[in-house]
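> What follows is a single structure, and I will ask about it in a moment.
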Amino acid sequence: MNTLLKSALLLALLTGAAHAVEYNTLRPEQSRMTFVYKQMNVPLEGSFKRFNGQIIFDPAKPTLAKAMIEIDLASIDAGSDEANDEVAGKLWFNTKQFPSARFVSTSIKSLGNNRFEVAGKMSIKGRTHDASTPATFHPEGANGVFEGSFVLKRADYGLGEGMWADFGTVANEVQIKFRLVASSAAGKK
Amino acid sequence: MRHPASYTRTAIGLHWLVAIAIVTTFSVGLYMSDLPLSPDKLKIYSWHKWAGVTIFLLVAFRLMWRLTHLPPALPVGMPAWQHTAAEAAHWLLYALMIAVPLSGWLMSSAKGFQTVYFGVLPLPDLLAKNKELGKTLETVHQALNFTMAGLVLAHAGAALKHHFIDRDAVLARMLPFLKKA
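Protein chains in written order, with my numbering: chain A, 2 to 190; chain B, 143 to 323.
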């Protein structure tokens, strides 16, 4: 089979699949929400163990896609037990009063090549700001996988107040990385 | 090779520089480990780690210097067992001065905190993050430190004994201003 024919077949297969599928069920157990922050210029990795949300994405109509992600902030692993206790406290997330963070998409722009710019509202600790992130999409078996990363400035959301407000020890920029897996639940379409 | 009459200036300078650095870094280590989490604690931990890397480099240089420069001979008439003890203690001190910073570095890696020298130069993590291993290495770092502290006390005690009881020139070899005219 020559290459041209192969590509044509593959394309037909892909577009055929794309038209048939709408990803509408987030699979948190297969998804990952991690972050990297810098403390004294030492990069430290963390993650959120529990989050949920909704994703509606039709590869044929990507700009009509919607996403809402809610993170259970008490499920944070900031790298050490000491850090986990600290960030739950009032100076950081204040999880007793504000147990979750939420992102709600408002618009999705296609950048071509299955790359998108997702804009929305981020709410953490009672503060809401515009936020946007690049994201890529690729199908993986029966699922759709959305990946991306963006920089969140912790001071915008009052994360690290008082003695932590100075960026000399813990940097303002926190890199958020996500890998969200969504499936297409039959009958939900 | 013949033993020289005295230590080189380099050997004397390095001895006291490393001595001051070790006593300071050891004291800071004792103080910082019980601090509640705060930006100051994170700063002090970083400084402690930078100091450890610096001591390691200085000691590596010292060791090379020691291996290429014979120290002055010990006093004539010193009992053979003291010769052996002094020799053993010195090499053990060198071993600990190398092992203590190494154990700190490995402990940091196992606990998931990379060492970034002066906040600029990231040292590789030889160990992956592993909570249990981190705790074990913390115990190792402490044990090595207290062993070294004990040995340093014995080392200083022996030097003082030589000076005040035996009244020989052993301490003056490292503190030339004590030399009798």
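For each residue, glycine too, the CB sits at the ideal point set by N, CA and C. Note that the structure is predicted; figures quoted are calculated from it, not measured.
1) Mind checking which residues open and close the alpha helix (DSSP H) that includes A/D167?
2) Are the CB atoms of B/W233 and B/T152 within a distance shorter than 9 angstroms?
3) Considering B/L275, what are the terminal residues of the alpha helix (DSSP H) in which it resides?
4) Cβ of B/Y173 less than 9 angstroms from any chain A Cβ?
5) Alpha carbon to alpha carbon, what distance is there between A/E141 and B/P243?
6) Under the rule that 16 or more other beta-carbon atoms within 10 Å means buried, what is A/F58, buried or exposed?
7) Chain B beta carbons: is any one of them nearer than 9 angstroms to that of A/V37?
8) Does A/Q55 come out as helix, strand or coil in the three-state DSSP assignment?
9) Can you have a look at B/F306 and say buried or exposed, based on whether 16 or more other CB atoms are within 10 angstroms of its CB?
10) I'd like the span of the alpha helix (DSSP H) that includes B/I316, first residue to last.
11) For B/L184, which residues in chain D fall below 7 angstroms Cβ to Cβ?
12) For B/M174 and A/K110, I'd like the C-alpha separation in whole angstroms.
13) Give me the residue from B/A311, B/L199, B/L235, B/A163 with the minimum Cα distance to B/G219.
14) How should B/W223 be labelled, buried or exposed, when 16 other C-beta atoms within 10 angstroms of its C-beta is the threshold for buried?
15) Are the beta-carbon atoms of B/F313 and B/L302 separated by less than 9 angstroms?
16) Going by DSSP in three states, A/A68 sits in which element: helix, strand or coil?
17) Compare the C-beta of A/P29 with all C-beta atoms of chain B and state if any pair is closer than 9 angstroms.
18) Check whether the Cβ atoms of A/I177 and A/F151 sit closer than 9 angstroms, and answer yes or no.
19) On the three-state DSSP scale, how would you describe A/Q40?
20) First and last residue of the beta strand (DSSP E) that includes B/Q256?
21) Quick one: Cα of B/G155 to Cα of B/T196, how far?
22) Thinking just about the alpha-carbon of each residue, which of A/P135, A/V43, A/A102, A/S108 is nearest to the one in A/L65?
23) Could you please give the first and the last residue of the uninterrupted beta strand (DSSP E) stretch that includes A/G149?
24) Let me know the secondary structure DSSP gives B/F203 once reduced to three states.
25) Who does A/S101 pair with in a DSSP beta bridge?
So, from the data block:
1) That residue, A/D167, is in no alpha helix (DSSP H); it is neither H nor E in DSSP.
2) no
3) 273-306
4) no
5) 46 angstroms
6) buried
7) no
8) strand
9) exposed
10) Per the sequence shown, the amino acid found at residue 316 of chain B is Met instead of Ile. Looking at the DSSP string, the run of the alpha helix (DSSP H) that includes B/M316 is 312-316.
11) Here chain D cannot be found, since the structure's protein chains are A and B.
12) 50 angstroms
13) B/A311
14) exposed
15) The sequence shown places Leu at residue 313 of chain B, rather than the Phe named in the question. Contact: yes.
16) strand
17) no
18) yes
19) strand
20) From DSSP, B/Q256 is part of no beta strand (DSSP E); its letter is neither H nor E.
21) 15 angstroms
22) A/S108
23) 144-154
24) helix
25) A/D73
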